[in-house]
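Notes for the one structure printed next.
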Amino acid sequence: MNTDAVLAVPTDADRAPSTAPSPLLDPYHGPALRLPNRVAMAPMTRSRADDATGVPTAMMAEYYTQRAAAGLIVSEGIWPHRLGKGGPGVPGLTDAAQVEGWRRVTGAVHGAGGRIFAQLWHVGRVSHPDLLDGERPVAPSAVAVAHGVIHTAAGPKDYVRPRRMLPGEVVETIEAHAAAARNAVDAGFDGVEINAAYGYLPAQFLSDSANLRTDAYADRIRFVVDLVEAVAAAIGPGRTALRISPDNRLHDIVEADPARRYHRLAAALDRMGLAYLHVVQSGEYPALEDLRPRWRGMLVGSYDGPEPGDREQAERALRSGLADVYAFGRLFLANPDLPQRIATDAKLATPRASGLYGGGAEGYLDYPALTVG
Ligand SMILES: Cc1cc2nc3c(=O)[nH]c(=O)nc-3n(C[C@H](O)[C@H](O)[C@H](O)COP(=O)(O)O)c2cc1C
Numbered sequence: 002m003n004t005d006a007v008l009a010v011p012t013d014a015d016r017a018p019s020t021a022p023s024p025l026l027d028p029y030h031g032p033a034l035r036l037p038n039r040v041a042m043a044p045m046t047r048s049r050a051d052d053a054t055g056v057p058t059a060m061m062a063e064y065y066t067q068r069a070a071a072g073l074i075v076s077e078g079i080w081p082h083r084l085g086k087g088g089p090g091v092p093g094l095t096d097a098a099q100v101e102g103w104r105r106v107t108g109a110v111h112g113a114g115g116r117i118f119a120q121l122w123h124v125g126r127v128s129h130p131d132l133l134d135g136e137r138p139v140a141p142s143a144v145a146v147a148h149g150v151i152h153t154a155a156g157p158k159d160y161v162r163p164r165r166m167l168p169g170e171v172v173e174t175i176e177a178h179a180a181a182a183r184n185a186v187d188a189g190f191d192g193v194e195i196n197a198a199y200g201y202l203p204a205q206f207l208s209d210s211a212n213l214r215t216d217a218y219a220d221r222i223r224f225v226v227d228l229v230e231a232v233a234a235a236i237g238p239g240r241t242a243l244r245i246s247p248d249n250r251l252h253d254i255v256e257a258d259p260a261r262r263y264h265r266l267a268a269a270l271d272r273m274g275l276a277y278l279h280v281v282q283s284g285e286y287p288a289l290e291d292l293r294p295r296w297r298g299m300l301v302g303s304y305d306g307p308e309p310g311d312r313e314q315a316e317r318a319l320r321s322g323l324a325d326v327y328a329f330g331r332l333f334l335a336n337p338d339l340p341q342r343i344a345t346d347a348k349l350a351t352p353r354a355s356g357l358y359g360g361g362a363e364g365y366l367d368y369p370a371l372t373v374g
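Numbered by this note's numbering, the letters in the sequence shown go through residues 2 to 374 in order.
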């Protein structure tokens, strides 16, 4: 017996692959989607599109292709309407040039064996005239975000008071989402995820603090239900998904009774046969535990806290049935080959603060995959 070998402390480099199978590596076969594993890449804004046109750049195709081993990639937030843009370098899906740019991204991801949904992201009041060619941002009601600043090309600025959307504009905005969803499919995306999380336009309609309307949209779930129905009618329910973050307080959002509101929303959408519901657990309300029994389709889970969501948390959510698939944000950003690292129990890199939003390849394309061999 070689005692040296027995006593040697294993290093990360020579640690043997884990023998305990991870549920994250099991395939997922649902009615709408078939995924080779349950490690999704969460949507992350990286602000590298051409700012003047909203057209995706070649760098973006490379970034997503590096992460094509994900069971499912959810793209960064993309504006579906010219008034939906929330930052410099955020891409759009409203015209032919943007569609053409995205086609290069989806083609490269598919060529590498991946699947990619487009996240439709209308920010509503979380914008600024500097980002909207001088126009005032729109919102359910004329209530400004009071805390924090908005990042523009000229630096951080205070939020402005948004303009209340007229009833006709609400309808036009919903139609713009349906048109952007058609553009997404035309551009080769496998589907779209509507961003109703984190205090942006749909979450503003869901809230008590930003939605003071007295018309039909005073019913706080109405806008999101209309939006999902319009997108599902445009591209099919099996290509339509929704992301929510119940009880998340970002951007001054207050939801007085999240359980009641999200029960109603789940009941309204559950029978539609959507691709998936994506639930971000971040507030005091235990959204995943409470909504899982109310959602019979595919459920993607994410935890959002000060530390990046980790493997153990994700595996617990999958083993307990709280989620079918888990979406990693920061860890996927820093580990382009995250599923392989989970499979081999390899050390995980942590994201650097520089290069998160905007800039070039640094902090974007330079997170290496593990070299095999
Ligand atoms: C750089 C960055 C950009 C993000 N952009 C978006 C976005 O465009 N849309 C969205 O729904 N969430 C966005 N998020 C939130 C993530 O999708 C995710 O919910 C959050 O980071 C928590 O997951 P994690 O702990 O795995 O990072 C972003 C997060 C980061 C770190």
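We put the CB at the ideal spot given by N, CA and C, even for glycine.
Quick one: residues in its chain with C-beta nearer than 6 Å to the C-beta of Ala179, no 5 flanking neighbours on either side, listed in chain order? Ala231, Val232 and Ala235
Bridge partners for Tyr277 per DSSP, in chain order? Ala242
Under a Cβ-count criterion, where at least 16 other Cβ atoms within 10 Å of its own Cβ denotes burial, should Arg16 be classed as buried or exposed? Confidence at Arg16 is low in this model, with a pLDDT of 42, below 50, so the placement of that residue is unreliable and no value is reported for it.
DSSP bridge partner residues for Ile151 (one or two, in chain order): Lys158
Alpha-carbon spacing of Pro11 relative to Thr345, whole angstroms: The predicted model places Pro11 with a pLDDT of 40, which falls under 50 and marks its position as unreliable; any figure quoted below should be read in that light. Going from the Cα of Pro11 to the Cα of Thr345 covers about 14 Å.
What residue from Pro92, Arg312, Val110 and Ile222 has the CA that sits closest to Leu1's CA? A question about residue 1 goes unanswered here, because the residues of the chain that appear run from 2 up to 374.
Helix or strand or just coil, what does DSSP make of Ile79? strand
Return the Cβ separation of Asp291 and Val255 in integer angstroms, given the expectation that the two are a contact with Cβ distance under 8 Å. With 8 Å as the limit, Asp291 and Val255 do not qualify as a contact, their Cβ atoms being about 18 Å apart.
Could you tell me whether the segment 28 to 44 touches the segment 62 to 79, using the rule of 3 or more Cβ pairs below 8 Å? yes
Taking contact to mean 3 or more Cβ pairs, one atom from each stretch, closer than 8 Å, check whether the segment 126 to 140 and the segment 96 to 109 are in contact. no
Outcome for Thr241 when other beta-carbon atoms lying within 10 angstroms are tallied against a minimum of 16: buried
Which residue spans inside the segment 37 to 72 form an unbroken alpha helix (DSSP H) run of at least 4? 59 to 67
Proximity test, Leu229 beta-carbon vs ligand 1 heavy atom, cut-off 8 Å: In the sequence as displayed, the identity of residue 229 is Val instead of Leu. It does not: the Cβ of Val229 is nowhere closer than 8 Å to a heavy atom of ligand 1.
Tell me where the beta strand (DSSP E) around Leu289 begins and ends. No beta strand (DSSP E) contains Leu289, which is instead part of the alpha helix (DSSP H) from Ala288 to Leu292.
As assigned by DSSP and simplified to three states, the class of Val255: coil
Which residue's Cα is closest to the Cα of Leu121: Asp134, Pro157 and Glu176? Glu176
Would you grab the beta carbon distance between Met273 and Leu34 for me? Rounded to a whole angstrom, and I think it's under 8 Å. About 15 Å; that fails the 8 Å criterion.
Would the C-beta of Val281 count as close to ligand 1, meaning under 8 Å from any of its heavy atoms? yes
Output yes or no for whether 9 Å exceeds the beta carbon distance between Arg342 and Pro24. no
Supposed close pair Thr46, Tyr358 - CB separation, criterion 8 Å: 7 Å
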